[in-house]
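Residue numbers (the numbering used here): 740 to 1162.
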């Protein structure tokens, strides 16, 4: 095994002798010409100066990374074979390329447990592993010995007419909702260590393509700002579908240029309020304003923004319909120190009254406050108008007005009075 490793390493370690680098450069140019690669890449490879072996190694490595080719036939065989042992050899060969210490690395490889005769470290299986979608799985115990994500779809790029006719795509684009990772220029890993030349080159290429595809347009920057504004509400809303619907509403506002003249916080709060009403989630307007973190968002601004979105046909184009705001009865009753039984009675009564369409065009919180005032009036749990108004976030005048409207309807007041016996 060690003799085989020595032969492979000596074949691949082209950084030791300049003559080997020259030969490799010649082989690489022939490889590019035979496979019909870009002429600019071939010319770039031919101009590489092989007198300075460090610079030439870096330049040749760039060509390898660009064309995704291999160094030699032995290197290609190692990459093509998903066997555990040869993959470990490949990993060690890459370490050799970075360290340059051949003798110490051979000793390291000889002591590596992953280079034993068996393929599976769990059950000591010695046969061939099953390869599926880049993962090497032991057929004996089912252990995923080697995990490697593999792209199973077609390449999106087209260079010829035949490729344009044969390539196909299904479904729409995937939306990342602006949650992109920014790659800085520190060139250090998570532990603060400096990246190797190969990793630095990869980071440079990733950073370049990330800037080209992500944050160059004002639309992309606006979407990222909207995503940051909506992230404040994720802790209070456990359902991710509400946040996703709110993001779609925000992006539709950006397309219609409704954000102009308004802050991102206002659009985000109005989108959350709209999503809560569409999906009938019990989140009060007062809670939404508190989560906005004193950014100038008021109930009047949110309500007016929702009306503007409705007039701009944002909801119609998204094929959603606003429902009445779902009142968080459990949260309100808990704040008023009501028992679980009393909370259940209030919930049943409100469900009954909602079927009669008594609250059309009015704040449902004021309607709830008036119903609770009538229900608990004269019982062992007296609730004053001031106490109820402070909890449901309305004024005492609103409570009294809704109370007078309900008292004028004898059948409704009789229904509420009948539920007192259940308390």
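Glycine is no exception: its CB is placed at the ideal position from the N, C-alpha and C atoms. In this text, all values refer to a predicted model and were calculated from it rather than measured experimentally.
Using 10 angstroms around the beta-carbon of residue 980, count the other beta-carbons present and answer buried if the total reaches 16, otherwise exposed. Your numbering for residue 980 matches position 241 in the chain shown. Result: exposed.
Using the Cα positions of residue 930 and residue 945, report the straight-line distance between them to the nearest angstrom. On the chain shown, position 191 is the one that residue 930 refers to. On the chain shown, position 206 is the one that residue 945 refers to. In a straight line, the C-alpha of residue 930 is about 20 Å away from that of residue 945.
Can you tell which of 1031, 1066 and 1005 has the C-alpha that lies nearest to the C-alpha of residue 1047? The count along the chain shown starts at 1 and reaches residue 1047 at position 308. Nearest of 1031, 1066 and 1005 to residue 1047, Cα basis: 1005.
Since residue 1057 and residue 991 should fall inside the 8 Å C-beta cutoff, what is the C-beta to C-beta distance between them, to a whole number of angstroms? Position 318 of the chain shown, counted from the first residue, corresponds to residue 1057. Position 252 of the chain shown, counted from the first residue, corresponds to residue 991. At roughly 6 Å, the Cβ-Cβ gap stays under 8 Å, so residue 1057 and residue 991 are in contact.
Would you kindly work out how many angstroms separate the C-alpha atoms of residue 1126 and residue 1120, rounded to a whole number? Here residue 1126 is taken as the residue at index 387 of the chain shown, counted from 1. Here residue 1120 is taken as the residue at index 381 of the chain shown, counted from 1. Residue 1126 and residue 1120: Cα-Cα distance of roughly 12 Å.
Looking only at C-alpha atoms, which of 989, 951 and 935 sits nearest to residue 1012? Residue numbering aside, residue 1012 sits at position 273 when the chain shown is read from its first letter. Looking at the Cα atoms, 989 is the closest of the given residues.
Kindly indicate if chain D contains any beta-carbon less than 8 Å away from that of residue 1121. Annotation note: the requested chain D is absent from the structure, which comprises a single protein chain.
Compute the beta-carbon to beta-carbon distance between residue 1088 and residue 1110, rounded to the nearest angstrom, for a pair I have assumed lies under 8 Å. Position 349 of the chain shown holds residue 1088. Position 371 of the chain shown holds residue 1110. Going by Cβ atoms, the distance from residue 1088 to residue 1110 rounds to 7 Å, so yes, they are a contact pair.
How would you label residue 1016, buried or exposed, when you count the other beta carbons within 10 angstroms and need 16 or more for buried? Residue numbering aside, residue 1016 sits at position 277 when the chain shown is read from its first letter. By the neighbour-count rule (16 or more Cβ atoms within 10 Å), residue 1016 is buried.
In the DSSP output, what is residue 1011 paired with across the bridge? Taking the chain shown and counting its residues from 1, one reaches residue 1011 at position 272. Looking at the DSSP assignment, residue 1011 forms no beta bridge with any residue, so it has no partner.
Between which two residues does the alpha helix (DSSP H) carrying residue 1140 extend? In the chain shown, the residue the question calls residue 1140 occupies position 401. Residue 1140 -> alpha helix (DSSP H) spans 1135-1146.
Confirm, please, whether the CB-CB distance from residue 1032 to residue 971 is below 8 Å. Working through the chain shown from its first residue, we reach residue 971 at position 232. Working through the chain shown from its first residue, we reach residue 1032 at position 293. Contact: yes.
Would residue 1050 be called buried (16 or more neighbouring beta carbons within 10 Å of its own) or exposed? To locate residue 1050, count along the chain shown from 1; it is residue 311. It is exposed - the Cβ of residue 1050 has fewer than 16 other Cβ atoms within 10 Å.
Quick check on DSSP: helix, strand or coil for residue 947? One-based indexing of the chain shown puts residue 947 at position 208. Three-state result, residue 947: helix.
Under the three-state reduction of DSSP, which class applies to residue 875: helix, strand or coil? Taking the first residue of the chain shown as 1, we reach residue 875 at position 136. It is a strand residue.
Along the chain, where does the alpha helix (DSSP H) containing residue 1072 start, and where does it finish? Your numbering for residue 1072 matches position 333 in the chain shown. It spans 1068-1074 - the alpha helix (DSSP H) in which residue 1072 sits, taken as one unbroken run.
Any idea if residue 924 is buried or exposed, counting beta-carbon neighbours within 10 angstroms, 16 or more meaning buried? As a first step, residue 924 is located in the chain shown; it is residue number 185 there, counting from the start. Exposed, because fewer than 16 other Cβ atoms sit within 10 Å of the Cβ of residue 924.
Pair within 8 Å by beta-carbon distance, residue 1010 and residue 1067: Within the chain shown, the letter at position 271 stands for residue 1010. Within the chain shown, the letter at position 328 stands for residue 1067. No, these two residues do not count as a Cβ contact at 8 Å.
Reduced DSSP secondary structure (H/G/I, E/B, other) of residue 862: Taking the first residue of the chain shown as position 1, residue 862 is located at position 123. Of the three classes helix, strand and coil, the one that applies to residue 862 here is coil, per DSSP.
Give, in chain order, every unbroken run of the beta strand (DSSP E) that is at least 3 residues long and sits entirely within the region 1071-1123. none
Report the option in 1136, 1116, 1122 and 1133 whose CA atom is closest to the CA atom of residue 1155. By one-based count along the chain shown, residue 1155 stands at place 416. That would be 1116, whose Cα lies nearest to the Cα of residue 1155.
Looking at the strands, I want to know which residues DSSP matches up with residue 870. Reading the chain shown from its first residue, position 131 is the one you call residue 870. Residue 870 is bridged to 875.
Quick check: what's the CA-CA separation for residue 1152 versus residue 1104? Position 413 of the chain shown, counting from 1, holds the residue named residue 1152. Position 365 of the chain shown, counting from 1, holds the residue named residue 1104. Residue 1152 and residue 1104: Cα-Cα distance of roughly 18 Å.
Taking the DSSP output, what are the residues bridged to residue 770? Within the chain shown, numbered from 1, the residue matching residue 770 stands at position 31. Looking at the DSSP assignment, residue 770 forms no beta bridge with any residue, so it has no partner.
Is it the case that the Cβ atoms of residue 1063 and residue 1003 are separated by a distance below 8 Å? Position 324 of the chain shown, counted from the start, is the residue given in the question as residue 1063. Position 264 of the chain shown, counted from the start, is the residue given in the question as residue 1003. Taking 8 Å as the Cβ cut-off, residue 1063 and residue 1003 do not qualify as a contacting pair.
Alpha carbon to alpha carbon, how far is residue 921 from residue 1001? What you label residue 921 is simply residue 182 of the chain shown in a count that begins at 1. What you label residue 1001 is simply residue 262 of the chain shown in a count that begins at 1. So the two alpha carbons sit approximately 27 Å from each other.
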